Amino acid sequence: MSTTAEQDEKANQLLDPSTFVFPEPLISTTVTIEFCDRCRWLHRATWVQTELFLTFPPPTIGTITLIPRNQDETAGRFRVWLSVPGSDGARLMWDRKVEGGFPELKVLKQRIRDHLQPGMSLGHSDKKT
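Below you can see the structure in the form of structure tokens.
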């Protein structure tokens, strides 16, 4: 049985930043959301991120990265990319300028599902309105 001193030492190590180890990069399916920061679309990007993680929890999607863009050439950008290990690079799932607006989550989820889990039901998101 461990002593109180040993327990205290273990507890202190858990809070000692010098013992922290940076996580290994994941080799997993990744969604990348690029958005115009000047347009203040961070909240929309985090909302999409949350919804995708709720629908496709790890390990289906291992990482969702948000990339704020702040250059003239990226003004108005909102793009969603899907990268699957072993595939030929990232696939564009949504571009706000090409599609004429922001993604309806139902449509975005269906597109991502069709690449990751074609047989998966999205419940009410699959029902025609």
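For reference, each letter of the sequence shown is one residue, going 702 to 830 in the numbering used here.
C-beta: ideal position from N, C-alpha, C; glycine also.
Computed from a predicted model, the values in this text were never measured in an experiment.
{"Check": "Segment contact flag, the stretch 766 to 782 with the stretch 736 to 745, C-beta cutoff 8 Å, min 3 pairs", "Outcome": "yes"}
{"Check": "Leu-823, DSSP secondary structure in three states", "Outcome": "coil"}
{"Check": "Beta strand (DSSP E) runs wholly inside the stretch 774 to 807, at least 3 long, in chain order", "Outcome": "779 to 784, 792 to 796"}
{"Check": "Among Thr-764, Arg-770, Gln-708, nearest to Pro-724 - alpha-carbon criterion", "Outcome": "Thr-764"}
{"Check": "Pair within 7 Å by beta-carbon distance, Arg-792 and Glu-735", "Outcome": "no"}
{"Check": "Beta-ladder partner(s) of Ile-768, from DSSP", "Outcome": "Glu-735"}
{"Check": "Val-732 and Leu-753 closer than 7 Å at C-beta", "Outcome": "yes"}
{"Check": "Closest residue to His-744 among Gln-811, Phe-803, Ser-826, Asp-815 (Cα-Cα distance)", "Outcome": "Phe-803"}
{"Check": "Residue burial classification, Lys-810 (beta-carbon count within 10 angstroms, cutoff 16)", "Outcome": "buried"}
{"Check": "Same chain, Cβ closer than 6 Å to Ser-784, five either side skipped, listed in chain order", "Outcome": "Thr-731, Ala-791"}
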